Amino acid sequence: MPEDANIAARLLESNLKRSPDKAAYLCGDDALTYRGLAADAARFANLLRARGVRPGDRVVLVLPDSLAAVKAFLGTMLLAAVPVPVSALLGQEDYAFILVDCGARGLVTWEDSPAVVAARDVSSVACVLACGPHGPWGLADWSTEFAPVAPGADAPGFMLYSSGSTGRPKGVPHAQADLLVPYAGWGSQVLGVGAEDILFSASKLSFAYGLEVSVGVALCAGATALLFSGKPGPYEIFAAISHHRPTLFFCVPTLYNLMLRAFEPGAADMDLSSLRLCSSAGEALPEVLCREWMDKTGVEILDGIGSTEAMNVFISNKPGAVRCGASGEVVPGYEARIVDDAGQLVPDGTPGNLHVRGAGTCAGYWNRPEKTREAMLPDGWLATGDVYVREAGLYFHRGRSDDMMKVGAHWVSPVQVEEAVRKHPAVLDCAVAAVAVEGLVRPCAHVVLRPGQGFEPGAKLSSDILRQARTMLPPCMCPVRVHFLDELPKTPTGKVQRFRLRDV
Amino acid sequence: MAVNADELRGLLAEAGVRPELARAIDPAVPLLRQGLDSMDYPAFMALVEDRYGVVLSDAAAMDLRTLNDFVLFLGGRP
């Protein structure tokens, strides 16, 4: 096998040679050197193989961000099996769906996680590994000798799940080599990441943004990455930054908003002096938030846009040239085009559908041929679903071409929210569309009341509808407002036109 | 309109904050230090906008950290 065919092996070996005793990862009070990382990744590979995991098998990882999580990810890749990092905050049903959908052979999670319960009914799962913050019990017993396996052309290198318009997320497979792309363009040329940097992503490893930063960019640069296991609230994040002194911080606008609100310049546990740059992605960064952040903290914030399908940020602001309210310029290594619905290029200043092309993009969804046809276009172009306007090389976000919303950097489908809202006895019909609160997108429920039953539009009924929806939906999907109307805007054929209800 | 902290505590509960948490909110301490999370806050902000007919989209809104800050902003007395 060519020595660099297994990308996990390549990244581990090059860092082991260059700086074996340097911290690869920090988590809480613990540090993991590159030597320790290479050793434990190999141990993980041996353990998985002994438990029946073969090259090409999917291994679902349901773990908080931790040293164990990166060992598991890289160890699975050494074996040329397919790590599938999934959020640690989902419910049993969500895990059951993903385990079945990807035909998982292995599951690595904490001892009594809902994923363990879900796995009991999934016949493909042969290996369930209970894992603590440093790895599974007994990991140290396994050999650190492991000959990396060349990844096959047929199987993915790793896979992430991304939610869509129906209730079920879709698998986004990537080649092992796609992990090298974020550093090649964005990390090195836009952010200037070097080995001396300490990267801190508040976005978790189960998201493309978190994974590309904490594994892709960090290992390619030979830098140190800080992992945060808990729920990221503003005060906890400030404390982690003050304590560990990262040089780059990666986060999403909804959390930047809270951090800015919480920020007290000069407070000892809010020392941002180590930061040379902040990066924002996951949802559009509001212009006011961008400006206020830089004014109050003195640290530049670079808005950018990426996707799970690209496994990278493909349009980004540049240090020293931030344009508040813009996503920035095309990142080296990518091409972008803006087209109308007929596929024709539109001139500068005219909104259209953003397509991007570059190395490392997903070639097709896992078992979703129709979705693949919609998004993965001929000649390697990816339809992002985002509407953009370009002016003098700068790209400005103008919302989505579909009805999906990014709320708190999570995909929210109006369909799912509507189903929940419709369950309220007062609701005859409902459409959910984006509303901006402090410039950030939130779901708003537009409701037609059942006539003749004494339901009155007003604050009391709104509260009741929102309260009931909250019992049925995860937090980011809960509507923040109810708007009452007499009828929903529809096409002549009766299809609801949600875009006409947007208020952003 | 005589806005006071109690009224805003009620609004917090309406926004989805657990009633016992909303009742215990100290109006002089930042809300984010008292258990409000990244989804409670926007829900609360949206309700404040609706109920008091204000728009919280500018820089001034960033300085609203405590219930007392909100009371002052809305023209009441803490």
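These protein sequence lines map, in sequence, to chains A and R. 1 is the number of the first residue of the first sequence in our numbering; add one for each residue after it. 1001 is the number of the first residue of the second sequence in our numbering; add one for each residue after it. We treat Cβ as the ideally placed atom computed from N, Cα and C, and that holds for glycine. Being a predicted model, the structure only gives us computed values, none of them experimental.
Integer Cβ distance of residue i from residue j, believed to fall under 8 Å
i                  : j                  : result
Val441 of chain A  : Val407 of chain A  : 6 Å
Ala336 of chain A  : Ala150 of chain A  : Not confirmed; about 34 Å, so no contact.
Val427 of chain A  : Val421 of chain A  : 6 Å
Val82 of chain A   : Gly56 of chain A   : 7 Å
Thr372 of chain A  : Gly364 of chain A  : 4 Å
Pro1078 of chain R : Ala1005 of chain R : 7 Å
Met404 of chain A  : Ser165 of chain A  : 6 Å
Asp40 of chain A   : Leu139 of chain A  : 6 Å
Trp381 of chain A  : His355 of chain A  : 5 Å
Gly507 of chain A  : Asp340 of chain A  : Chain A is shown from 1 up to 504; residue 507 of chain A falls before or after that span and cannot be answered.
Phe1044 of chain R : Leu1074 of chain R : The Cβ separation is near 13 Å, so there is no contact.
9 Å Cβ cutoff met for residue i and residue j
i                  : j                  : result
Gln116 of chain A  : Thr109 of chain A  : First, the amino acid is wrong: residue 116 of chain A is Val here, not Gln. Yes, these two residues count as a Cβ contact at 9 Å.
Asp30 of chain A   : Leu67 of chain A   : yes
Ser163 of chain A  : Trp411 of chain A  : yes
Ile241 of chain A  : Leu277 of chain A  : no
Met1039 of chain R : Cys430 of chain A  : no
Ile1025 of chain R : Leu1067 of chain R : yes
Phe228 of chain A  : Ala202 of chain A  : yes
Phe250 of chain A  : Val299 of chain A  : no
Glu283 of chain A  : Thr254 of chain A  : yes
His134 of chain A  : Phe200 of chain A  : no
Leu12 of chain A   : Leu63 of chain A   : no
Tyr395 of chain A  : Leu226 of chain A  : no
Arg10 of chain A   : Asp21 of chain A   : no
Gln453 of chain A  : Pro489 of chain A  : no
Asn257 of chain A  : Glu438 of chain A  : yes
Ser307 of chain A  : Thr384 of chain A  : yes
Val86 of chain A   : Tyr161 of chain A  : yes
Pro414 of chain A  : Trp186 of chain A  : no
Gly233 of chain A  : Asp1069 of chain R : no
Ile7 of chain A    : Gln176 of chain A  : yes
Ala80 of chain A   : Ala155 of chain A  : yes
Tyr209 of chain A  : Ala409 of chain A  : yes
Gly399 of chain A  : Val330 of chain A  : no
Gly106 of chain A  : Ala126 of chain A  : yes
Val958 of chain R  : Gly1076 of chain R : Shown here, chain R extends from 1001 to 1078; a query on residue 958 of chain R therefore has no answer.
Proximity winner among the options, relative to residue i (alpha-carbon distances)
i                  : options                                : result
Phe146 of chain A  : A:Ala42, A:Ala208, A:Leu226, A:Val59   : A:Ala42
Gly171 of chain A  : A:Phe158, A:Pro182, A:Tyr183           : A:Phe158
Ser401 of chain A  : A:Val215, A:Ser279, A:Arg502, A:Lys22  : A:Arg502
Lys460 of chain A  : A:Leu227, A:Gly439, A:His483, A:Glu13  : A:His483
Ala72 of chain A   : A:Gly91, A:Val215, A:Ser19, A:Asp94    : A:Val215
Ala45 of chain A   : A:Val59, A:Ala268, A:Thr33             : A:Val59
Leu61 of chain A   : A:Pro319, A:Leu205, A:Asp141, A:Thr308 : A:Leu205
Cys444 of chain A  : A:Arg498, A:Leu428, A:Pro451, A:Phe396 : A:Arg498
Asp379 of chain A  : A:Gly358, A:Thr493, A:Arg368, A:Gly106 : A:Gly358
Tyr388 of chain A  : A:Pro265, A:Met472, A:Ile338           : A:Ile338
Val1048 of chain R : R:Arg1023, R:Arg1018, R:Val1071        : R:Val1071
Gly132 of chain A  : A:Ile315, A:Val415, A:Cys27            : A:Cys27
Val38 of chain A   : A:Pro148, A:Asp121, A:Gly333, A:His355 : Contrary to the premise, residue 38 of chain A reads as Ala rather than Val in this sequence. Nearest C-alpha to Ala38 of chain A: A:Pro148.
Cys478 of chain A  : R:Glu1014, R:Leu1008, R:Asp1006        : R:Glu1014
Pro319 of chain A  : A:Ala392, A:Gly352, A:Ser280, A:Leu129 : A:Ser280
Leu260 of chain A  : R:Gly1016, R:Ala1059, R:Phe1073        : R:Ala1059
Leu47 of chain A   : A:Trp137, A:Val84, A:Lys17, A:Arg18    : A:Trp137
Leu449 of chain A  : A:Pro182, A:Arg470, A:Glu487           : A:Glu487
Leu180 of chain A  : A:Thr247, A:Ala239, A:Ala310           : A:Ala310
Val417 of chain A  : A:His446, A:Cys290, A:Arg398, A:Lys17  : A:His446
Ile198 of chain A  : A:Asp303, A:Pro265, A:Thr224           : A:Thr224
Gly91 of chain A   : A:Ala433, A:Glu456, A:Ala119           : A:Ala119
Pro1019 of chain R : R:Ala1028, R:Pro1027, R:Arg1009        : R:Arg1009
Glu292 of chain A  : A:Asn317, A:Gly304, A:Ile305, A:Phe263 : A:Phe263
Glu419 of chain A  : A:Val496, A:Leu473, A:Gly304, A:Glu391 : A:Leu473
Asn317 of chain A  : A:Gln344, A:Ser273, A:Glu370, A:Gly393 : A:Gly393
Ala513 of chain A  : A:Leu211, A:Thr247, A:Pro169           : Examination of residue 513 of chain A is not possible in this model, given that chain A is present from 1 through 504 alone.
>> Assess contact between the segment 46-57 of chain A and the segment 181-195 of chain A, defined as three or more Cβ pairs (one per stretch) separated by less than 8 Å. Is contact present?
In response: no
> Between the segment 1054-1065 of chain R and the segment 457-469 of chain A, do three or more beta carbon pairs fall short of 8 Å?
Replying inline: no
>> With three or more beta-carbon pairs closer than 8 Å as the criterion, would you say the segment 336-356 of chain A touches the segment 217-234 of chain A?
In response: no
> Would you call the segment 88-104 of chain A and the segment 112-126 of chain A touching, i.e. three or more CB-CB distances under 8 Å?
Replying inline: yes
>> Does the contact criterion of 3 or more C-beta pairs under 8 Å hold for the segment 265-275 of chain A versus the segment 1030-1046 of chain R?
In response: no
>> List, from N- to C-terminal side, the alpha helix (DSSP H) runs of 4 residues or more that fit wholly inside the segment 100-140 of chain A.
In response: 114-119
> Going along the chain, which unbroken runs of the alpha helix (DSSP H) with 4 or more residues stay wholly within the segment 31-109 of chain A?
Replying inline: 34-50, 67-78, 92-101
>> In chain order, what are the residue ranges of uninterrupted alpha helix (DSSP H) at least 4 long that sit wholly in the segment 299-364 of chain A?
In response: none
>> Just to confirm the assignment: which complete alpha helix (DSSP H) runs, minimum length 4, are found wholly within the segment 428-469 of chain A?
In response: none
> For the segment 388-425 of chain A, which segments carrying the beta strand (DSSP E) assignment without a break, of at least 3 residues, lie completely within its bounds, in sequence order?
Replying inline: 394-400, 405-407, 410-412
>> List, from N- to C-terminal side, the beta strand (DSSP E) runs of 3 residues or more that fit wholly inside the segment 172-201 of chain A.
In response: 198-201
>> List, from N- to C-terminal side, the alpha helix (DSSP H) runs of 4 residues or more that fit wholly inside the segment 1013-1067 of chain R.
In response: 1019-1023, 1040-1052
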